[in-house]
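Last residue of the sequence shown: number 197 in this note's numbering, and the count goes up by one each step with no gaps. For each residue, glycine too, the CB sits at the ideal point set by N, CA and C. Working notes, beginning with the structure itself.
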Amino acid sequence: MTRRTTRSRAYAPDPKAPGQSCDMPGCPHEGEYRAPKSRDSLREYYWFCLEHVRAYNAAWDFYKGMSPGQIEAAVRADTHWQRPTWPLGRLGANTDERLFRDPLDILAGRTPRPERSPDRAPAELREPLDTLGLLWPVSLDEVKARYKELAKRHHPDANGGDRGAEERLKTINLAYAALRSHLIGEPSLATG
Ligand SMILES: [Zn+2]
6 MTRRTTRSRA YAPDPKAPGQ SCDMPGCPHE GEYRAPKSRD SLREYYWFCL
56 EHVRAYNAAW DFYKGMSPGQ IEAAVRADTH WQRPTWPLGR LGANTDERLF
106 RDPLDILAGR TPRPERSPDR APAELREPLD TLGLLWPVSL DEVKARYKEL
156 AKRHHPDANG GDRGAEERLK TINLAYAALR SHLIGEPSLA TG
């Protein structure tokens with residue numbers, strides 16, 4: 006899957022490529038295309054082959070503003086609500102689980118972060134965390150960012166007035182309120 010066609014003009018090989026192999030673990034192709042490592046380090050790059058830079062960029066667009074942990078969780082959460090958001094089709098025949106997960110693993114592997122698990126959360130926050138697709142512990146900023154993103158995506162206006170979207174948005178609002186209250190130390194209305 007390394008054929009290069011004129012269709013992919015947006016992905017011209019970078020002349021500054023360091024001549025190393027693709028940063029996707031296990032990929033034998035040359036890493037000729039660069040992609041910023043994260044929104045916090047836009048001047049640090051991964052070097053991918055064409056196929057993997059496309060997959061990475063597709064994920065980047067969708068998950069922008071989210072931390073690796075949130076992305077991971079969002080991938081899980083999305084399966085409840087909608088078809089997988091990852092554009093598996095673009096990966097051609099290689100639609101196996103490994104390719105699906107690798108961009109996330111790359112990020113997770115190189116970004117130190119605390120171990121997160123939904124099981125560590127206070128009992129009353131597990132459902133809200135699950136709703137927002139977040140893992141515990143989580144910061145207020147992460148909750149806000151995730152909420153903003155989900156609220157936008159599931160807003161009825163963005164879904165043709167869909168009733169289901171309205172219900173999801175309600176659930177998202179409640180989950181956000183519960184998490185926010187907890188994180189800023191206010192007594193939550195949802196407890197009891
Ligand atoms: Zn590759």
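For Glu37, three-class secondary structure by DSSP: Here Glu37 carries a coil assignment [DSSP, helix/strand/coil].
Leu145 classed as buried or exposed, judged by whether at least 16 other C-beta atoms fall within 10 angstroms: With fewer than 16 other CB atoms across the displayed protein chains lying within 10 angstroms of its CB, Leu145 is exposed.
Inter-residue Cα distance where the pair is His57 and Trp141: The straight-line gap from Cα to Cα measures roughly 30 Å.
Lining residues of ligand 1 - beta-carbon closer than 6 Å to any non-hydrogen atom, in sequence order: Residue selection by CB proximity (closer than 6 Å to any heavy atom of ligand 1) returns Cys27, Met29, Cys32, His34, Phe53, Cys54, Glu56 and His57 in chain order.
Any chain C beta carbon closer than 9 Å to Leu140: Protein chain content of the structure displayed is limited to a single chain, and chain C is not contained in it.
Cutoff 6 Å; reference Ala126; Cβ partners in own chain excluding five residues on either side: Once the five neighbours on either side are set aside, the close Cβ partners of Ala126 are Leu134 and Trp141.
Buried/exposed call for Ala202, threshold 16 Cβ in 10 Å: Summary: the structure shown does not reach residue 202, with the chain confined to residues 6 through 197, and so no result is reported for it.
Status (buried if at least 16 other CB within 10 Å, exposed otherwise) for Gly166: Under this definition Gly166 is an exposed residue.
Those residues which DSSP pairs with Trp52 across a bridge: DSSP, once it has assigned bridges, lists Arg39 as partnering Trp52.
Cα-Cα separation between Met29 and Arg39, rounded to whole angstroms: Whole-angstrom Cα-Cα distance: 12 Å.
Beta-carbon gap between Leu174 and Ala156 smaller than 9 Å: Their beta carbons are under 9 Å apart, which means Leu174 touches Ala156 by this criterion.
Straight-line Cα distance separating Tyr51 from Ala60: Looking at the two C-alpha atoms, the distance is approximately 13 Å.
Gly31, buried or exposed, once every other Cβ within 10 Å from all chains shown has been counted against 16: Exposed is the call here.
With 16 other Cβ atoms within 10 Å as the buried cut-off, status of Ile189: It counts as exposed.
Helix, strand or coil at Ser186 according to DSSP, with G and I counted as helix: If DSSP states are grouped into helix, strand and coil, Ser186 belongs with the helices.
CA nearest to the CA of Gly24, picked from Glu37, Ala17 and Ala182: Of the candidates Glu37, Ala17 and Ala182, the one whose C-alpha sits nearest the C-alpha of Gly24 is Glu37.
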